[in-house]
Amino acid sequence: MMYNSIPLFWRLKRGKYNLVGTRCDKCDITYFPPRSICPACGAVGLSVHKLPETGKVVTYTVIHVAPDGFDAPYNIAIIELMDGTIVAGQVVGSPRDLTVGSAVCAVFRKINETGEGLINYGFKFELVECGY
Amino acid sequence: MNVAVVGVGQTKFGEHWGRSLRDMAIEAGLLSTQDAGIGLDDVQSLYIGNMSSGNFIGQEHLAALIADQLGLSPKPAVKCEAACASGGLAFRQAYLAIKSGMADVVMVLGVEKMTDITGEHAISALMAAGDQEWESSIGLTFAGAYALIARRHMEMFGTTQEQLAMVSVNNHKNALNNPFAQFNMNITVEDVLKSSMVAEPLHLLDCSPITDGSAAVILANERGVSRFEKPVWILGSGHGTDTLALHDRKSLVEMLATRTAAKQAYDMAGLSARNINFAEVHDCFSINEIVAIEDLGFCGKGEGGRFVEDGSIAVDGEKPINATGGLKAIGHPVGATGVRQIVDVVRQLRGDSYNQISGCEYGLALNIGGSGATSIAHIFGMVGRK
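Those sequence lines, one after another, are chains A and B. Sequential numbering of the first sequence, starting at -1, is according to the numbering used here. Sequential numbering of the second sequence, starting at 48, is according to the numbering used here.
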C-alpha cells in the first residue's frame, strides 16, 4: 500500500523538500518530525525551524526485502545533523562506502512513483568527503 | 478485586490456506471456554486483539463480526489495536473492564490472517506500525527499523551477529515439542548466518515469520472464579508508549515504553526482575529479545548478547525466555501474539506446558508494538495479590 496523493505531498512539502522541523525556543529543542506541542514543557505552537543539511551516520541498514513501491537494495540511515537533531533518510550510492560515522549531506531526490505517475520527492542523503 | 486467567486456547500457528480469520477465531474462542469449563453464554464481553484486518483481508468492524460468529451478540465487543502489541492491549483492557466492576467474566481473543495477500503487501501492512509520514514513506521496513537498532547495539556494546543468531536457535529448540508452533525444527547459528539478508545486519532467520493464527483467554474476577479449577492470577499490569518514529527517541537501544510498562507491572505485583522465574518476550526480531531482556532488568543494559550466549535464557538456565518457541518459531500472527504469550505463561504456571520449566512461581509476558512505541507487560502467579 502506497499512501501517496497530491494533497499529502503538499501538506508535507516543507519538511520533505526543505528539511524543516519545529523548535521549542524555551527548551532549546528542535523536533523532527515536526510537532506542535513540546513534550518537554508542554508549550503549544512551536516555531518553524530549518535544519542543517550536513551530519553523520549514527546507524544504518541496507534493505534487501522491499515493500511495494521500492526496489531493493537501498540504504536507510539514522543521521545526527550538525545541531544534534536526529533524522532518518535514505543514503544514495553504494553501501560499500557507508559506515557508522560517515559524513553526509541532504540532497533533493525522487523517493518513488505511484502507478498513476505521481512522483514522490523528498530529501535523501549522500556521502561527502568532509563533514563536520 | 483480583482477576485471574481461568481458561486458554489457541489454534495451530502457520500458513492456513484453507482457513479464514473467522474460522480461526471461532476455534480459539471455543477452546478457551472449554478449557475454562464454561459456555459461551457465560462470557459477558469480548476484547479483540488485531492489528490490521483492514489491510490484510479488507475487513474492519472486526469485534462485532467475531462476537456474532461466536454467538455472543448483542453483548459488547471491542477491537484493540497497538500494532504487534494489540493482543497484549486487548488483554489489559479486558483486565481493566473487570477491575472496574462492570464485568465478571470476559473473553480476550487475538487473531490475525496474514497470508491472503502477497509478502510485499504484508510488509507494507506491517510498516503502518511505524510513522507513515516520516519513516514508512521513505521505505523503512519493520525489519529495517530493528536492523537500525541492531547495528547501534552492536556498535555500542559489542553485541555480535552470532549472539543475535543464538536467540533464534534457542527459540527453535524450545518449539520442538510445541504442537501449535509454525516451525518444529532445530536450526544452527550457521543456518542463521547463511540465510538470506533481509535488512543488514538481520538475516531471514533473525526475523519472525508471517503467520495466520488465533489465541484466546478467559478472564474472571473472584466473584466469578470460585467455579474454576486452576486460576492463574494477574499480579501486575503495565502499559507504556513512545514515539512511533524510531529516530525521534533519546535512545535507539533502550525502549522507554518497555521500561515504563515493566516498572508499573513490577511495582503493582510487589516484585522485581529477580523474582520472575521465566518470561515470554517479544522476539519479532532477534535483536528485540536482547533489548527486551535488558529493559526488563534481567541483565544490565548492553549485557543482553552475553546473557544469551552464556545460556541464561535456556529452559534450564537462570531466566528461561520463550520456553515454547517465541515469535520466531511459534509464528507471529501480529494481533494474536500478545494473547498467545499469555496462554503460554498460564500453561507454564499451571504445569501443562509443552516445554515445562520446573518450580516456577512467577511468569512475565512482554508484548511490544512497532519498533517499541507500545509495550504491555503482565506478571502472573498461582497465588492472588493480598
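For every residue, glycine included, the Cβ atom is placed at its ideal position computed from N, Cα and C. Quick caveat: nothing in here was measured; it's all calculated off a predicted structure.
Tyr313 of chain B sits in a helix when the DSSP states are folded into three classes. Annotation for Asp238 of chain B: Leu252 place their beta carbon closer than 7 Å to its own, counting only its chain and skipping 5 residues before and after. One finds His294, Asp295 in chain B with Cβ atoms closer than 8 Å to the Cβ of Ile84 of chain A, taken in chain order.
Around the beta carbon of Asn16 of chain A, fewer than 16 other beta carbons sit within 10 angstroms, so the residue counts as exposed. Closer than 8 Å to the CB of Thr59 of chain A there is at least one CB belonging to chain B.
Taken atom to atom, the span from the alpha-carbon of Ile95 of chain B to that of Gly157 of chain B is near 6 Å.
In this structure, B:Gln208 is the residue among B:Val90, B:Ser183, B:Gln208 with its C-alpha nearest to the C-alpha of Glu356 of chain B. One thing to note: Ile337 of chain B has its Cβ within 8 Å of the Cβ of Gly351 of chain B. Looking at B:Leu173, B:Leu266, B:Met201, the one whose alpha-carbon comes closest to that of Arg139 of chain B is B:Leu266.
Listed along chain B are Ser243, Met244, Val245, Ala246, Glu247, each with a C-beta nearer than 8 Å to that of His62 of chain A. Taking 8 Å as the threshold, the shortest C-beta distance from Ala194 of chain B to chain A falls below it.
A direct Cα-to-Cα measurement between Ser400 of chain B and Leu79 of chain A gives close to 50 Å. Gly67 of chain A is not a Cβ neighbour of Ala75 of chain A, given a cutoff of 8 Å. The stretch 104 to 121 of chain B makes no contact with the stretch 214 to 233 of chain B; the number of CB pairs closer than 8 Å stays below 3. When secondary structure is reduced to three states using DSSP, Gln229 of chain B falls in the coil class, being assigned neither helix nor strand.
Under the Cβ criterion (8 Å, minimum of three pairs), the stretch 291 to 303 of chain B counts as touching the stretch 416 to 433 of chain B.
For Lys146 of chain B, no beta strand (DSSP E) encloses it; the enclosing alpha helix (DSSP H) starts and ends at 133 to 146. Taking C-beta separations shorter than 6 Å and ignoring five residues to either side along the sequence, the partners of Ser92 of chain B in its chain run Lys122, Pro123, Ala150, Val153, following chain order.
Under the 8 Å Cβ criterion, the stretch 81 to 101 of chain A counts as touching the stretch 49 to 69 of chain A, having at least three qualifying pairs. Short of 6 Å from the beta carbon of Ala111 of chain B, and not among the five residues preceding or following it, lie these beta carbons of its own chain, in chain order: Ala124. In the structure shown, Thr235 of chain B adopts coil according to DSSP, grouped into three states. A straight-line Cα-Cα distance of about 15 Å links Lys241 of chain B and Ser333 of chain B. Met213 of chain B: member of the alpha helix (DSSP H) spanning 208 to 221, first to last residue.
The way I'd put it, the stretch 101 to 111 of chain B doesn't touch the stretch 384 to 395 of chain B; fewer than three beta-carbon pairs between them come closer than 8 Å. For Leu413 of chain B, the nearest beta carbon of chain A is not closer than 8 Å to its own beta carbon. Under DSSP, His47 of chain A forms a beta bridge with A:Gly19. Residues of chain A with a Cβ closer than 8 Å to the Cβ of Gly191 of chain B are, in chain order, Thr59, Ile61, Ile74. The beta carbon of Gln208 of chain B sits no closer than 8 Å to any beta carbon of chain A. At a cut-off of 8 Å between C-beta atoms, Asp178 of chain B counts as an interface residue with respect to chain A.
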